[in-house]
Amino acid sequence: SEQTLTQKAHAYYLDGDENNALKYYNQAISINEKSEKANFGIAKILAKKGEFQKAKDIFLQIASLSENNRQKAANYYSAAIMTEFIKPVRIKEVEDLTDKSILADPNYSFPYVEKAKILFAKAVGDKEANHKAAIQKLVDQSFKSLEKAISLNPNQSIAHIQLATELMSFDKNQAKLVL
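What follows is the structure in C-alpha cells.
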C-alpha cells in the first residue's frame with residue numbers, strides 16, 4: 481500500500497539511504513501521485529542534494545493540493561526557503577510565498593520569522609539617509625513580525641536570534657545602521 485511504501489521510504493531516509501528512500505517514495509507516488517508524505521519526502525531529499533528548484537516545485541504542488549492549513553503553510557514556507565537558495569535570489573518571490581504561508585495558517589510561527597528576515601534585508605539594503613522614514617517602517621514591521629512569531633511559539637529560538645540580530649544592527653529610534 482501507499483502508506484507501507486511511504487513508511488519504508490521514511491525508514492531508509494532516517495538511516496541515511498536516500499537512494500532507497502527515493503525508490504520507495506516514487507513507488508508510493510505511482511499508487512497515489514498526490515501523496516503529501518511521499519512528495520514531501522522526495523522534496524526534502526532533492527533539497528539535501530542541492531536541487532532547490534525541483535524541491536520548490538514539489539513543495540508548491542503539495543501546498544496547492546493540501547486541505548490541511550498547517551500543512552499548506554509549511555509547504556509554502558518550505559518553497560520560500562528553497563527560493564532563497566536558487567541563484568539569483570528572488571526576494572519578491574520569497575516574500576510572496578511567505579505571505580501565502582501566513583495566510584494559509586496565521587498561527588504557524590515560522591513564516592513570521594522569514595517575513596521579518598525579508599523586511600530586515602530590505603531595510604539594510606536601503607542605507608540612504610533620505611529614506612529614514614521608509615527604513616523605520618521596515619524595521620518596525622520586522623519587529624512586529626518577530627513579536628508575532630514569539631507570541632505564537634515562545635520557545636522558537638530562531639525568532640529570538642533574529643530579534644537579537646536586528647536589535648544589535650539598528651538603533652530603533654534613529655532608524656539607521658549602527659554597524
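Sequence positions in the sequence shown follow the working numbering and run 481 to 659.
Cβ atoms here follow ideal geometry from the backbone N, Cα and C, with glycine treated the same way.
Where residue i falls, given that 16 or more other Cβ within 10 Å makes a residue buried
{"i": "glycine 521", "result": "buried"}
{"i": "glutamine 551", "result": "buried"}
{"i": "proline 591", "result": "buried"}
{"i": "asparagine 519", "result": "buried"}
{"i": "glutamine 533", "result": "exposed"}
{"i": "alanine 644", "result": "exposed"}
{"i": "lysine 529", "result": "exposed"}
{"i": "glutamine 642", "result": "buried"}
{"i": "valine 593", "result": "buried"}
{"i": "serine 631", "result": "exposed"}
Three-state secondary structure (DSSP) of residue i
{"i": "arginine 570", "result": "coil"}
{"i": "proline 586", "result": "coil"}
{"i": "serine 515", "result": "coil"}
{"i": "aspartate 620", "result": "helix"}
Cα-Cα separation between residue i and residue j, rounded to whole angstroms
{"i": "histidine 640", "j": "serine 481", "result": "43 Å"}
{"i": "alanine 508", "j": "lysine 602", "result": "42 Å"}
{"i": "aspartate 579", "j": "isoleucine 525", "result": "25 Å"}
{"i": "aspartate 497", "j": "glutamine 487", "result": "14 Å"}
{"i": "glutamine 621", "j": "alanine 596", "result": "7 Å"}
{"i": "asparagine 506", "j": "alanine 523", "result": "11 Å"}
{"i": "asparagine 635", "j": "serine 589", "result": "11 Å"}
{"i": "lysine 628", "j": "alanine 613", "result": "22 Å"}
{"i": "serine 581", "j": "alanine 559", "result": "10 Å"}
{"i": "alanine 553", "j": "glutamate 573", "result": "15 Å"}
{"i": "leucine 647", "j": "asparagine 549", "result": "32 Å"}
CA nearest to the CA of residue i, picked from the options
{"i": "phenylalanine 539", "options": "Asn555, Leu545, Ile561 and Gly530", "result": "Asn555"}
{"i": "aspartate 537", "options": "Ser510, Ile566 and Asn499", "result": "Ile566"}
{"i": "isoleucine 615", "options": "Ala629, Phe600 and Lys624", "result": "Phe600"}
{"i": "leucine 577", "options": "Ile511, Glu646 and Met562", "result": "Met562"}
Contact check, residue i vs residue j, beta carbons under 9 Å
{"i": "lysine 503", "j": "alanine 489", "result": "yes"}
{"i": "alanine 535", "j": "alanine 527", "result": "yes"}
{"i": "glutamate 516", "j": "leucine 494", "result": "no"}
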